[in-house]
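Let me begin by presenting the structure, written as structure tokens, before commenting on it.
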Amino acid sequence: MNGLKNAGGAFIARLISALQKHPRRATAALATILLTGGSGAFAVASLGPDPADLPVRTLTEPVASLAEGHELADLTDLQSFSLYRSETTRANDTPESLLQRLGIADPQAAAFMRSDDSVRQHVLGRSGRLVSAETTPDHQLTRMTVRWAPDEDGSFRRLTLERADGKLASRIETGKLTAAPRLAGGVIRSSFFAATDASDIPDSISMQMADIFQGELDFRRGLRKGDRFAVVYESLEADGEPLRAGRVLSTEFHNNGKTHQAMWFQEEGKKGAYYTLDGKSLQQAYLNYPVEFSRISSGFAMRLHPIQKTWRAHLGTDFAAPTGTKVRTVGDGTVSFAGVQNGYGNVIFVEHANQHTTVYAHLSRIDVRQGQHVDQGDIIGAVGSTGWATGPHLHFEFRVKGEQRDPLTIAQSSDAVRPISKAARPAFDKQAAQMRIELNAGSESFAMASAR
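The sequence shown runs 42 to 493 under this note's numbering.
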């Protein structure tokens with residue numbers, strides 16, 4: 042209390058002294074206070090006592106140490122930590138280039154990778170395989186793990202390279218992929234595939250969406266800037282790390298003021314298919330494209346033959362794609378021929394219902410045999426340039442009773458309807474209700490994020 046009185050007395054004494062020494066300044070300061078009001082606090086504060094003159098009181102309180110009763114760790118233990126980093130293999134990788142991207146400087150590890158059969162076979166020269174590495178603080182390799190899914194059987198392979206007692210050793214194991222749902226979406230700015238790339242949506246998921254809505258949307262010319270979409274799909278993971286995408290579980294597309302929705306549903310003991318959320322089948326007899334979405338280099342029309350240099354009818358559609366691109370059958374059927382044939386090179390003929398035949402030519406490899414049954418979407422070979430071809434592409438034909446028809450128009454000529462049975466309807470409606478909530482929330486959130 043005495044301190045407060047002393048401070049107040051000192052303040053009044055300074056104020057009176059200032060008024061006596063500088064009466065004009067005091068008058069101006071008073072006028073400013075009356076006119077502006079808001080700056081009064083600064084004017085008064087500038088005349089206050091120096092904080093250094095105010096009384097100070099020191100309080101001391103003992104505090105118990107948090108480390109009391111615990112021994113401090115040895116400094117050498119604090120330095121024994123591990124560094125972790127992940128990368129993806131490239132087709133032109135050498136042991137040194139891969140280790141360098143992983144931040145590893147270990148000549149012994151590079152020499153081992155070059156000499157180890159498993160590493161040479163499954164890592165070097167392979168692109169897109171997930172690599173994770175653990176190193177010491179001085180960038181020496183402790184452990185390297187490479188994961189990949191070679192087949193569609195739901196399993197993955199794991200190659201582990203590990204150092205023990207100063208020596209490196211490798212082993213290969215097989216594990217089971219686990220499926221986790223993932224929500225993604227985007228807004229059309231230029232094209233559908235540009236939008237999915239911008240949203241980091243896998244190409245296989247983009248292609249599935251184009252297949253699902255192929256009877257309702259024209260992905261080449263029917264989309265508009267501002268259209269938006271959402272998709273829930275399976276992310277197939279190995280040891281918690283995503284390796285590849287699985288199936289589209291549900292998807293929604295807002296196009297030109299109309300909403301299109303689809304959901305995967307499979308009745309027990311039956312083949313699954315896509316349906317609208319009110320139960321209408323979206324399954325069609327044929328897919329539009331036998332390869333992942335690519336450029337059409339030559340359509341079903343008259344053209345100058347690239348080899349014979351004469352004007353002739355081109356009785357199919359050519360899809361330009363890199364050698365090795367997977368080729369799929371556009372519909373259910375039976376392989377009637379798989380081998381080499383004249384200008385077609387490596388070619389596959391598939392017989393379908395209603396005397397329909399599809400032809401897949403210039404393949405770099407054939408993955409099916411004559412007499413084999415294939416389902417819509419099955420991989421049957423890969424793009425190549427065998428036979429009369431000037432570059433890698435797929436020549437695709439659609440024949441009705443032996444006569445070629447335009448594949449881009451005949452593909453949507455009939456539906457393969459798979460109605461939902463009465464017994465499965467309650468399960469379908471329950472699943473559809475859940476999917477509707479997820480898709481609506483996802484579509485709105487992606488639209489809002491894009492608008493910002």
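Backbone N, C-alpha and C define an ideal beta-carbon position, used for all residues, glycine too.
Specify the secondary structure class of residue i as computed by DSSP and reduced to three states.
i      : result
Ser123 : coil
Arg285 : strand
Met385 : Note that residue 385 corresponds to Tyr in the displayed sequence, not to Met. If DSSP states are grouped into helix, strand and coil, Tyr385 belongs with the helices.
Lys367 : strand
Phe396 : Looking at the sequence provided, one finds Gln at residue 396 rather than Phe. Residue state, collapsed to three classes: helix.
Ser377 : strand
Phe306 : strand
Thr215 : strand
Ser240 : coil
Thr176 : strand
Glu257 : coil
Take residue i and list the residues in its own chain whose beta-carbon comes closer than 6 Å to its own, dropping the five residues that flank it on each side.
i      : result
Gly443 : none
Arg142 : Glu128
Leu116 : Model confidence at Leu116 stands at a pLDDT of 48, short of 50, so the residue's coordinates are unreliable; what they give is reported in the following sentence. No residues qualify anywhere along the chain.
Going by the beta-carbon positions, is the gap between residue i and residue j smaller than 8 Å?
i      : j      : result
Arg446 : Phe439 : yes
His301 : Leu258 : yes
Ala473 : Met304 : yes
Ile242 : Val273 : no
Arg466 : Gln324 : no
Tyr330 : Ile253 : no
Phe270 : Phe306 : no
Arg126 : Gly144 : yes
Glu278 : Ala221 : yes
May I ask which residues mark the beginning and end of the beta strand (DSSP E) holding residue i?
i      : result
Leu139 : First-last for Leu139: Pro136 to Arg142, but that is the alpha helix (DSSP H), not the beta strand (DSSP E).
Phe360 : Thr358 to Ala361
Val441 : His434 to Val441
Thr317 : Neither: Thr317 is in no beta strand (DSSP E) and is coded neither H nor E.
Val187 : Leu182 to Trp189
Phe270 : Arg269 to Ala279
Val424 : Ile420 to Val424
Arg131 : First-last for Arg131: undefined, no H or E at that position.
Leu264 : No beta strand (DSSP E) contains Leu264, which DSSP labels as neither H nor E.
For residue i, collect the residues of the same chain with a Cβ closer than 7 Å to its Cβ; drop the 5 residues on either side in sequence, then sort them by chain order.
i      : result
Ser168 : Thr130, Arg131 and Ala132
Gln181 : Asp147
Gly365 : Ser405, Ala423 and Val424
Pro433 : Ala362, Pro363, Thr364, Val424, Gly425 and Ser426
Met185 : Val172, Ala174 and Leu202
Leu318 : Gln302, Met304, Ala473, Met476 and Arg477
Can you tell me where the alpha helix (DSSP H) holding residue i begins and where it ends?
i      : result
Pro148 : Pro148 to Ser156
Ser232 : First-last for Ser232: undefined, no H or E at that position.
For residue i, which beta-bridge partners are listed by DSSP?
i      : result
Asn296 : Lys299
Ala402 : His436
Met250 : The partner list for Met250 (beta bridge, DSSP) is empty, contrary to what the question assumes.
Leu100 : In the DSSP output, where bridge partners are listed per residue, Leu100 has none listed.
Gly226 : Ala271
What residues in its chain sit with their C-beta under 8 Å from that of residue i, if we drop five residues either side in the sequence?
i      : result
Leu480 : Ala271, Val273, Ser291, Thr292, Glu293 and Gln302
Asn296 : Leu258, Gly263, Leu264, Arg265 and Asp268
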